[in-house]
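**Q** Below: one structure in C-alpha cells.
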Amino acid sequence: MTRTRLLGLVPLFAPLETFAAPFQNALLPSGVQAGHIYDLWLIMLWTCTVVFIAIVAAFGLALWRAPKASETTPPNIEVIRAPEPLLTRAVVIGATLSIIGLLGLLVASVMTDRALANLPLKDGVVIQVAGQQWWWQATYYPDDPTRAFDTANELHIPVGRPVLLKLESPDVIHSFWVPNLTGKKDLIPGHTLMLQLRADKPGIYRGQCAEFCGYQHAKMGFLVIAEEAEQYEQWAQAQREPAKQPTADLQKRGQQVFLTSPCVMCHAVQGTSANAKTAPDLTHLASRQTIAAGVLPNTKGHLAGWIVNPQQIKPGTNMPAITLPPADLQALLAYLETLQ
C-alpha cells in the first residue's frame with residue numbers, strides 16, 4: 125500500500141473552520157484581570173458614545189441654523205458675521221467637557237493599569253512561557269524545582285488561584301493574549317516580562333499571538349484550561365511522570381521508529397533517550413487537545429498528516445516532512461497515542 129493510499133484512510137487536512145476551538149472574546153471576562161479591562165472598555169464606550177451623539181447633534185443644529193438660499197435668492201451672510209455669545213459659550217463649555225472627559229479616561233486607564241499590576245500572587249502558579257516560531261513552550265516551576273515539567277501550546281491553571289507568567293522569546297517579538305482572562309503582553313527577545321492572571325470560572329479559553337511574528341503568525345494559538353484545584357493537581361502530577369513504556373508489539377516498534385528517525389533531533393520524550401529541546405516536548409502529547417499550536421485537533425489522522433507533510437498544514441514551519449514506510453508510520457502513531 126502506498127503512502128498516499130494509506131493516508132487516504134483518515135481525514136488529514138480538515139479545514140480549520142471545522143475544528144470546534146473555544147471562542148475567544150474580550151467581552152466575556154472570566155477572570156479578574158479581564159474584568160478590569162472590560163470595565164475600562166465600558167467606560168470608554170459610553171463616554172465616546174455620548175461625545176459622538178453630542179457632535180452629531182451640534183452638526184445637525186449647525187446645518188439647521190445655516191443661512192438658506194436658492195438660485196434666485198442670495199444667502200444672508202451677515203448672520204455669519206454677527207456676534208453670537210450663546211455659541212461662544214457653547215464652544216467653551218464643549219471644550220471644557222472634552223478636557224474633563226479626556227482626563228477622566230486617563231484616570232480610569234491608570235487605575236485599571238494599577239489594578240492589573242496589583243493582583244495578589246500568594247500561593248501562585250509560576251509558568252515560564254517562551255514564544256517560538258510558531259508555537260508556545262511552557263515550563264511549570266513549583267516550589268520544589270525538582271518537580272518542574274514542560275508542556276507546549278496548552279496551559280492548565282487552577283480556578284481562583286493567581287498565575288504568574290514569565291514571558292520570554294528567543295527569536296522575534298511575540299504577544300501573549302488570552303482575551304477572556306487578561307490583556308496582551310509582548311514577549312521581547314532578551315527580556316523576561318511578567319503577566320499576571322486569574323481564572324474565576326472553569327473553562328477552556330483560546331489564546332493567540334497578537335503581534336505579527338512571521339509567516340505563520342496567524343497559526344500560533346494555544347489553549348488555557350482552567351479547572352478545579354483537584355483536577356489541576358492530578359494533571360500536574362501526571363505531567364511530571366515520564367512516558368509509560370509501550371506494551372503492545374506495534375507500540376514498541378513505534379518507539380523504535382521514533383528513536384531512530386529524525387524526530388529525536390528536535391523532540392523530547394521523558395523516560396527515553398530523546399532529550400532534544402528544539403521542538404515541543406512530546407512526553408504527554410496524547411493528552412493535549414490540539415497539535416501544531418492549536419491548528420488541528422489531536423487525532424490520529426491529523427497527527428499522521430502533520431508528520432508526513434507539515435508544510436501543507438503550516439507552510440514555513442521548522443518541522444521537516446518525515447518520510448516513513450506506511451507500516452512504520454502506523455507503528456509510530458500507535459506509540460504516540462500511548463503518550464498520555
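Numbering (this note's numbering), first residue to last: 125 to 464. Cβ atoms here follow ideal geometry from the backbone N, Cα and C, with glycine treated the same way. Source: prediction; values computed, not measured.
Between L448 and P434, what straight-line distance do the alpha-carbon atoms span, to the nearest angstrom?
**A** Those two C-alpha atoms are separated by around 14 Å.
**Q** Excluding five sequence neighbours on each side, which residues of the same chain lie with their C-beta closer than 7 Å to the C-beta of V348?
**A** The residues are L279, I281, V302, L305, Y329 and G331.
**Q** Check whether the Cβ atoms of L245 and L185 lie closer than 8 Å to each other.
**A** Contact flag unset, no.
**Q** Do the region 256-266 and the region 339-346 touch if we need at least three Cβ pairs shorter than 8 Å?
**A** Contact holds: three or more Cβ-Cβ distances are below 8 Å.
**Q** In terms of alpha-carbon separation, which member of I431, G307, E208 and A272 lies closest to L151?
**A** Residue G307 is the option with its Cα nearest to L151.
**Q** Just how far apart, CA to CA, sit L319 and M235?
**A** So the alpha carbons of these two residues sit roughly 17 Å apart.
**Q** I'd like to check one pair, V175 with G228: are the Cβ atoms closer than 8 Å?
**A** No, the pair does not count as a contact, with Cβ atoms beyond the cut-off.
**Q** Beta-carbon within less than 6 Å of F273's beta-carbon, same chain only, minus the 5 sequence neighbours each way: which residues are those?
**A** Contacts found: Y264, Q363 and R364.
**Q** Flag this pair as touching only if the region 310-324 and the region 374-384 have three or more C-beta atom pairs under 8 Å; answer yes or no.
**A** Contact fails: fewer than three Cβ-Cβ distances are below 8 Å.
**Q** Buried or exposed, going by whether 16 or more other CB atoms sit within 10 Å of the CB of T414?
**A** With 16 or more Cβ atoms within 10 Å of its Cβ, T414 is classed as buried.
**Q** How many Å lie between H160 and W359 at the Cα?
**A** Cα to Cα, H160 sits roughly 29 Å from W359.
**Q** Is Y339 close to chain B? Criterion is C-beta to C-beta, closer than 8 Å.
**A** The chain inventory of the structure shown lacks chain B, comprising one protein chain alone.
**Q** Can you look up Y356 in the DSSP assignment and give me helix, strand or coil?
**A** Of the three classes helix, strand and coil, the one that applies to Y356 here is helix, per DSSP.
**Q** Where does D295 sit, in a helix, a strand or coil, going by DSSP?
**A** The answer is coil: DSSP assigns D295 none of H, G, I, E or B.
**Q** Consult DSSP for W430 and reduce its assignment to one of helix, strand or coil.
**A** Helix at W430.
**Q** Please name the residue, chosen from P286, I223 and D310, that lies closest to D295 on a Cα-to-Cα basis.
**A** Of the candidates P286, I223 and D310, the one whose C-alpha sits nearest the C-alpha of D295 is D310.
**Q** From the DSSP output, in three-state form, read off M443 for me.
**A** M443 falls in the coil class under three-state DSSP.
**Q** According to DSSP, what are the bridge partners of D310?
**A** Paired residue(s): S299.
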